[in-house]
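First comes the structure, then the notes that go with it.
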Amino acid sequence: MPVPALQADAVTHSVLPEKISLIVARHEHIAIVGPNGAGKSTLLRLLAGLLTPETGQIWLKGRALCTLSRTDIAQHIAWLSQTDRPAPEIITRDYIALGRLPFRHTSQAKQDHAAINTAIEHCEVASLLDTPFGKLSGGEQQRVMLARCLAQTPQILLLDEPTNHLDLAARSRFLKLLAQLPCTVIAVLHDLALVPQFAQRIILLDKGQIILDGTTEDVLFSPQLQAVFQLSVEKVSLKNGQSTFVFTALPS
């Protein structure tokens with residue numbers, strides 16, 4: 009049986025009083041959803057090693073996360089939070105290059121350049137490299153921050169509400185980039201309508217516990233999700249052969 013990319017065994021925290029266990033396979037794209045205060049960001053921070061469980065254990069590729077240094081973790085996991093904002097005067101190319109810091113004692117310049125260039129190409133930010141970060145639009149800033157994460161060549165990418173404050177076009181473009189990534193991706197998302205654009209699996213949290221964990225379509229159509237969010241969900245076929253999900257508030 010393959011070793012999971014990430015695993016939580018009976019983990020608890022003050023915000024997550026019920027024991028949480030989950031297994032994340034390599035290359036999975038997962039959305040964590042739930043109402044405000046459900047514990048979504050706390051769970052993500054536990055998986056990133058930014059918080060320590062009160063009980064239980066987090067495992068990174070079979071190794072206890074608590075035994076690893078921050079550098080060790082950063083060589084496997086990249087983190088992007090909604091509150092991440094670099095100094096506005098930093099030049100974009102210099103900011104992206106910061107993604108190579110976890111490898112400064114082990115990597116060669118050729119490897120660094122290759123990783124940075126691949127990240128720049130994937131995130132479509134080549135035209136922004138000489139621009140100060142503070143001069144970029146919200147969508148451009150988010151793509152640049154994603155490029156910095158990808159310069160780490162992570163096996164796992166964790167994102168906490170990465171599409172907040174972006175307009176509709178920027179959200180769609182950003183999630184398309186996420187969907188194309190070959191690594192494991194776990195994102196906390198506030199807007200359910202965005203989830204099907206990149207995730208094949210949804211973890212539904214409410215009141216500090218996992219209510220449901222399953223495929224995107226199964227969770228979206230579940231009574232549990234509709235009860236938590238007070239929404240009805242309908243899948244609608246489009247003329248181009250694709251489909252979309254329509255969410256309607258239930259009467260109070």
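For the sequence shown, position 39 (counting from the first letter as 1) is numbered 47 according to the working numbering, and the numbering increases by one without interruption. No residue lacks a Cβ here, since even glycine has one placed at the ideal position from N, Cα and C.
query, result
"Exposure label - Ser251; buried when at least 16 CB within 10 Å", "exposed"
"Which listed residue (Leu58, Thr91 and Glu225) has its alpha carbon closest to that of Glu169", "Thr91"
"Integer-rounded CB distance, given that Gly107 should sit under 8 Å from Gln160", "4 Å"
"First through last residue of the beta strand (DSSP E) which encompasses Ser88", "For the sequence presented, residue 88 should be read as Leu rather than Ser. Here the beta strand (DSSP E) through Leu88 covers Ile85 to Ser89."
"Assumed close pair Pro12, Ala33 - CB separation to whole angstroms, cut-off 8 Å", "6 Å"
"Cβ contact (3+ pairs, closer than 8 Å) linking the region 59-68 and the region 13-33", "yes"
"Cβ pair count under 8 Å reaching 3, the region 13-24 against the region 50-57", "yes"
"Test item: CB-CB of Leu14 and Trp67 under 8 Å", "yes"
"Three-way DSSP call (helix, strand, coil) for Arg156 in this model", "helix"
"Same chain only: Cβ atoms within 6 Å of Leu59, ignoring 5 sequence neighbours per side", "Arg53"
"Residues near Leu246 by beta carbon distance below 8 Å, same chain, minus five either side", "Thr252"
"Residue-level contact to chain B via CB, Thr63, 8 Å cutoff", "Among the protein chains of the structure shown there is no chain B, as only one such chain exists."
"Residue from Gln163, Asn125, Ile164 and Leu176 with nearest C-alpha to Val152", "Asn125"
"Cβ neighbours of Leu154 in the same chain (closer than 6 Å, five flanking residues each side left out)", "Cys131"
"Inter-residue CB distance, Thr224 and Ala207 (contact presumed, cutoff 8 Å)", "5 Å"
"Delimiting residues of the alpha helix (DSSP H) encompassing Phe229", "No alpha helix (DSSP H) holds Phe229; DSSP gives it neither H nor E."
"Ser240 beta carbon less than 8 Å from that of Gln232", "no"
"Within 8 Å, strictly: CB atoms of Ser180 and Gln149", "no"
"Inter-residue Cα distance where the pair is Val254 and Phe229", "11 Å"
"6 Å Cβ shell around Ile194 - same chain, five flanking residues per side excluded", "Ile38 and Leu166"
"DSSP-derived helix/strand/coil call for Ala316", "Since the displayed the chain opens at 9 and closes at 260, residue 316 lies outside it and no answer follows."
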